[in-house]
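S.K.: Here's a structure for you.
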Amino acid sequence: MNVRKRLIGLTPYLLLAPGLLWLLIFFVYPSIQMFISSFWSGTLETGFAVSLDNWTTYTRAIDRYQPQFLRSLVYGGAATIICFLIAYPLAYTIAFRGGRYKNLLLFLVIAPFFTSFLLRTQSWKIILGDDGILFGPLKDFGLLPPEFRVLATPAAVIAGIAYNFLPFMTLPIYVSLEKIDGRLVEAAKDLYAGPWRPGGTVAGAVVGALIGGALGAALSYDIVVLAGLGLLVGILVGTFFISQSFLRVVLPLSLPGIFAGSLLTFIPAMGDFVNAEILGNTQTRMIGNVIQSRFLENNDYPTAAALSFILMAAILAMVALYARVLGTEELTSAR
Amino acid sequence: MSENIATGTPVRPSAVVLAGRFIHRNVLYVYLLFAILYLMLPVAVMALFSFNDPPGKSNVTWHGFSLDAWLNPFGVPDLFEVVRTSVGVAFISTMVATALGTLVALALVRYRFRGSGATNTLIFLPMATPEIVMGASLLTLFVAIGEPPFFPTNFVTIVIAHIMFNISYVVVTVRARLYGFDRHLEEAAMDLGANEWTTFWKVTFPIILPGILAAALLAFSLSIDDYVITSFTAGRTTTFPIFIWGAARVGVPVQVNVIGTAFFLIAVGFVAITTFLQGRANRPAPPPKMKEGATMPASERTLAPTEA
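Protein chains in written order, with the numbering used here: chain A, 1 to 335; chain B, 1001 to 1308.
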C-alpha cells in the first residue's frame, strides 16, 4: 500500500518528465552552450577552443554592431507602440461591442496569420512597392511626388513588424478586456462617472504629441509634423472617447493584457530580421540580420553567439525593468 | 449638457449633439471594418497574385490573369519535395509535441506538486524568447556536438527544434481546456467501478480531445510556417519557408502563392469545421443546475481554439 501511495506521489513527475526533459535538453542547455560558444576561438575546420581570454569578442561585437542594436531597439519599440494603437481599439470593439459575433470577429482578426509569415511580408512588399497598388495610383493622380517611397526605408520595416506581430498584442488585451464585468462600468456611471473634460483633452494632447514625436523620430520623418498630427488625434480621442469610467475602470483592469501584449510583441520584434531583409535595405539591418549572417553565411560562431547572448541579456534586463515599473506579476500567469 | 445626461433629466439635444452621438456610437464599428480590411489585405494580395501571369520570375507587379499556376501547382523544380519535407516535419513534430505537451498540461492542472511554479516558468520561457535566440543556441549545441545525427544539421535537427518550440503552445492550449473540466465526472466513473486507466480513456480523454486537437492544429500551423528557427537547424534540408526565402531574392514563383493560398484555405477550413463541431457538441448540454448559493467557478469558461 505504501509503495502504491509513493507511486501516486510520483505521477505528476512521470507525466512531466518527457516534455520537461525535451525543453531542458533542447531549450535550456543550448542557452548555456551558446554562452560557452561565445568564448570559442577557431574555425569549423580546425575545431574550437574555449578560453576566457576571448571575452574581447564581446567588446568587439558591441563596438562594431552598435547601430544595429540601436536600430532593433528603436524599430521594435516603434512597432510595439503602433501595435498597441491598432490593437487596443480593435480588442475593445470586439470585447464590448462584438455581441454574439465576438468569436467570428476574433477569428477574422487571427485568420490572416494562418498564411505564411514570409508570404505575408512578401505581400507587403507588393503593396508598398514604389509604383505598387497603393502608391502607384496616388502618384498617377499627382497626390504624391514621384520620388516618394516607403519600401526600403525604416517605415516599411516598422510597418511590416507591426503587422506581423499584431496578434501578440491583440489577443492578450482582448482576453483582459473580455473578463471585465460590464456591471462595473454601469456602477461607475451610476456613481456619476461621465465624460472626462477637460482632463481628457489635455491628456490626449500630451500623449498624442509624445507618441507622434517618438514615431517621427523612429521613422526618421519630420518630428514636428508627426507630433502635430498626434496632438490633433490625441485631442479628438481624448475629448470624445475617453470617459471617466474608461479611465478609472476599463483601462486599469486591462493593464495586465497591455503588459503581456507589449512584451509578447516587443521581444520577437527586437529579434526579427525577416521584415528588415524583405522590406528594408542595407541601412535598415537589425541585430537579427547580423546574427543570422554571422552564423549561417560567415560561420563566425563566437561572434554570433556573443551577439545573441547580448540580445537575450538586453531583453531580459528590459523586461525586468518594465515589470518593476508596472509592478505586476500577471505576465507568467496570463493565459 | 452632460450633467443632465448623467442624472437622466430628459433634455432635447440639438442636431449637432445628435450627429456627434451618432458618430460616437458608430466610429468603433467603422474602425473595426477598416482594421479587418487592413489585416486581410496581404492575404488578398497573396491570393490575387497566385493568378498573376508574369513574364519573368519576379511576381511583384500585376501582368494579367492566368490559371496556369493553379493548374500546375508543383510546376517549379523541387517545390513538391520541399512541400513534402515541410508537411513531414510538421506532422512528426506535431505528434510528438502534442503527446508530450498534453502530459505536462495534465500534470500541471491535476496535481499539486513541488516545482510546479518552476515548471510554469519553463513552459512560458520559450514563448517569450526571440526565435532567433532559440535557433542560434540550438545551432551552437549541434555544432558543439559535431557528430551525426546532429551535425551537419538535417531533417532530424529541424524536427527536434520544432518539437521544442511547439511543446509550450500545446501545454497552454490543453491546459485552458482542462481548467474547464468537471472532476465529478471522473469520480462518478470511479464510483461505478472503473479503474484509473479506463476512466482516463472513457471519460477524461474524450472530454479534453477538442483541446488536444486544437493544440495539434496550432502546433502544425506553427511548424509548417516556421522560418527563423528552421533556418538555423536545417543545413541542406529545404522546407517550404526556406524555399520562399531563397526564392525571394530572385523572385518568388507564382506557384508559391498558389500553395500559400491553399495552406491558408485549408487552415481556415479546419478551424471553421472544428469550431462548428465543437459548437454543436456543446450546445445540447443543458447548463448545470446549481444549488442555491453555489457560484460558478471562474474556471468554467471554456476557450475556443482560436482564443488560446
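Note that beta-carbon positions come from the ideal geometry of N, C-alpha and C, so glycine has one too. As the structure is a prediction and not an experimental result, all values here were calculated from the model.
#1: With respect to the alpha helix (DSSP H) encompassing F48(A), which residues constitute its N-terminal and C-terminal limits?
#2: Which partner residues does S243(A) have in the DSSP bridge list?
#3: So, does the CB of F259(A) fall closer than 7 Å to a CB anywhere in chain B?
#4: Do you know offhand how far N1120(B)'s Cα is from V1174(B)'s?
#5: Please identify, using Cβ separations under 9 Å, the residues of the region 305 to 322 of chain A that lie next to chain B, in order along the chain.
#6: Within 10 Å of its beta-carbon, does R71(A) have 16 or more other beta-carbons around it, so buried, or fewer, so exposed?
#7: Can you tell me which of the three DSSP states W1062(B) falls into?
#8: Among M1040(B), Y1029(B), T1102(B), M1134(B), which has the Cα closest to the Cα of Y101(A)?
#9: Given a threshold of 16 other Cβ atoms within 10 Å of its Cβ, counted over all protein chains shown, does F285(A) qualify as buried or as exposed?
#10: Taking E45(A) as the reference, give the member of I1123(B), G1146(B), G1193(B), M1095(B) with the closest Cα.
#11: Could you check if W124(A) is buried or exposed, using at least 16 other CB atoms within 10 Å of its CB as the buried criterion?
#12: Determine, using beta carbons only, whether P172(A) and G271(A) come nearer to each other than 7 Å.
#13: The region 281 to 305 of chain A: which residues have C-beta closer than 8 Å to a C-beta of chain B, in chain order?
#14: Quick check: is the beta carbon of T115(A) nearer than 7 Å to any beta carbon in chain B?
#15: Below 8 Å, can you find three or more Cβ-Cβ pairs linking the region 1108 to 1117 of chain B to the region 1164 to 1179 of chain B?
#16: What residues from the region 41 to 53 of chain A come within 9 Å of chain B, judged by C-beta to C-beta, listed N to C?
#17: Which same chain residues, not among the five before or five after F35(A), have their C-beta less than 7 Å away from its C-beta?
#18: Going by beta carbon distance, what residues of the same chain come within less than 7 Å of G132(A), once the five residues before and after it are set aside?
#19: So with CB distances below 9 Å, who are the chain A contacts of T1233(B)?
#20: Strictly by DSSP, which residues pair up with T43(A)?
#21: Under 8 Å Cβ to Cβ from D1078(B), same chain only, skipping five residues before and after it: list those, please.
#22: List, in chain order, every chain A residue whose beta-carbon is nearer than 7 Å to that of L1071(B).
#23: Could you check whether L326(A) and F259(A) sit closer than 7 Å to each other, using their CB atoms as the reference points?
#24: Give me the subset of the region 1132 to 1151 of chain B whose CB atoms are less than 8 Å from a CB atom of chain A, sorted by chain position.
#25: For N164(A), is the classification buried or exposed, using 16 other Cβ atoms within 10 angstroms of its Cβ as the cut-off for buried?
#26: How should E1131(B) be labelled, buried or exposed, when 16 other C-beta atoms within 10 angstroms of its C-beta is the threshold for buried?
#27: Hey, does P67(A) have any beta-carbon neighbour from chain B nearer than 7 Å?
#28: State yes or no: is the beta carbon of P1210(B) nearer than 7 Å to at least one beta carbon in chain A?
M.R.: According to the structure shown:
#1: From DSSP, F48(A) is part of no alpha helix (DSSP H) but of the beta strand (DSSP E) over 47 to 50.
#2: P195(A)
#3: no
#4: 14 Å
#5: A305, L307, S308, F309, L311, M312, I315, V319
#6: buried
#7: coil
#8: Y1029(B)
#9: For clarity, residue 285(A) is Arg in the given sequence; the question names Phe instead. Per the 10 Å Cβ criterion, buried.
#10: G1146(B)
#11: buried
#12: no
#13: G288, I291, Q292, F295, L296, Y301, A304, A305
#14: yes
#15: yes
#16: L44, G47, F48
#17: F309
#18: I126
#19: Result: empty, since nearest Cβ-Cβ is about 10 Å, beyond 9 Å.
#20: G47(A)
#21: T1238, F1243
#22: Here the premise fails: no neighbours, minimum Cβ distance about 20 Å.
#23: yes
#24: I1132, V1133, M1134, A1136, S1137, L1138, L1139, T1140, L1141, V1143, A1144
#25: buried
#26: buried
#27: no
#28: no
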